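> Let me give you the structure first, and then I'll get to my questions.
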Amino acid sequence: MKLNYVILDPYDTERIRARQHLNEVDGLNLAGEFSNFNELKNFLQYERADIILVDPSLDDEKIFSCIERQKLQKKVIFTSKKSKHAVKGFEIGILDFIPKPLNINRLNVTLNRLEKENFPTTNINQKSKQSIEVKHNLKTEKIILSSIQWIEAMGDYVKIVTPKKNYIVLSSMKKMQERIPEKQFFRCHKSYIINMDGVENFSQTMIFFDKTLIPLSRSKKKIFQNLWANR
């Protein structure tokens, strides 16, 4: 299972440098980049992050209190040039502190520890999945993942749309997202998950998908554009 990571750093150049280093590490998936904590907090309402790389120098006290309030300590790695951030970080229980400039070997040690603690070797890589089973109309049905066009939130349920049939399933969007491959499916809006393989085009606010317009959140636009460019 790939680990989702996000970067919170006020400086564009530092985020780029961190991303370049992390791209060299197998088993990691970039889920987002943010320049302030409010952007990160909004993201975490709908998305999963296993690792959060934070430079706390953008607002020391606010960052510390927000991490504690959101109970994110066990996912947070501080990256900073200031050793005082290590002391304060370990006081509140963060996962680790790695001085800047980021050392990839040092990071690997932390990632290996995190994976052993939270992702046992019995987990199956999501890429190996070809289908999922869902309960629909009191029956268990198998859905081929490649046939899913998009998934839409419907209160306590989700609607899974395929060319031949729609499935209404009791599930949250977040739970559904955990069951499907991260590289293939993208949550472009709080109410929509799309199959990237079916995207035809997009605008500033909409994704064109098989003659259907799917909304694209402003906060997700940059991540979506990166995914689109790398396909």
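Residues in the sequence shown are numbered from 0 upward in steps of one, following numbering that gives the first Met the number 0. Note that the Cβ used here is the ideal one computed from N, Cα and C, for glycine as well. This one's a predicted model, so the numbers in the text were calculated from it and none came from an experiment.
Closest by CA to Ser130, which one among Thr211, Ile50 and Leu144?
Leu144
> Just the C-alpha distance for Leu94 and Asn200, rounded to the nearest angstrom, thanks.
40 Å
> Give me, in chain order, the residues of the same chain whose beta-carbon lies closer than 6 Å to that of Leu57; leave out the 5 immediate sequence neighbours on both sides.
Pro9
> At which residues does the beta strand (DSSP E) containing Ser82 begin and terminate?
Here Ser82 belongs to no beta strand (DSSP E); instead the alpha helix (DSSP H) covers Ser82 to Ile91.
> Is the region 75-93 in contact with the region 35-42, if contact means three or more CB pairs nearer than 8 Å?
no
> Can you find at least 3 beta carbon pairs, one from the region 189-200 and one from the region 138-155, that sit closer than 8 Å?
Touching, yes, given that three or more Cβ pairs across the two stretches are closer than 8 Å.
> Do you know whose CA, among Tyr166, Asp25 and Arg14, lies nearest Asn35's CA?
Arg14
> Going by DSSP, which residues form a beta bridge with Ala152?
Val157
> Going by DSSP in three states, Glu13 sits in which element: helix, strand or coil?
helix
> Among Leu52, His20 and Ile97, which residue has its Cα nearest to the Cα of Gly31?
Leu52
> Distance, Cα to Cα, Gly26 vs Ser64?
Across the structure, Gly26 and Ser64 are spaced so that their CA atoms are roughly 30 Å apart.
> Whole-angstrom Cβ separation of Val157 and Met175, contact assumed at under 8 Å?
5 Å
> Just the Cα atoms here: how many angstroms apart are Leu21 and Ile103?
8 Å
> Whose CA, out of Val24, Lys74, Leu29 and Phe33, lies closest to the CA of Ser218?
Phe33
> Provide the residue span of the beta strand (DSSP E) that contains Ile50, from first to last.
Ile50 to Val53
> Taking Asp49 as the reference, give the member of Leu2, Ile62, Leu29 and Ile6 with the closest Cα.
Leu2
> Suppose the cutoff is 6 Å on Cβ atoms and the five residues either side in sequence are ignored; what does the same chain contact list for Asp54 look like?
Asp8, Thr78 and Ser79
> Can you round the beta-carbon distance between Gln72 and Ile97 to whole angstroms, since I take them to be within the 8 Å contact cut?
That pair is no contact at about 16 Å.
> Taking 8 Å as the threshold (C-beta atoms), are Ile193 and Phe207 in contact?
no
> Could you check the C-alpha separation between Val108 and Glu60 for me, to the nearest Å?
Roughly 28 Å separates the two Cα atoms.
> What does a CB cutoff of less than 8 Å around Tyr191 pick up in its chain, not counting 5 residues either side in sequence?
Trp149, Ile150, Glu151, Ala152, Ile213 and Pro214
> Report the rounded CA-to-CA distance for Trp227 versus Glu132, giving the unit in angstroms.
28 Å
> Relative to the C-alpha of Ser171, which residue among Lys189, Asn165, Lys182 and Lys164 is closest?
If we check each option's Cα against that of Ser171, Lys189 comes out closest.
> So who's on the other strand from Gly31, going by DSSP bridges?
Val5
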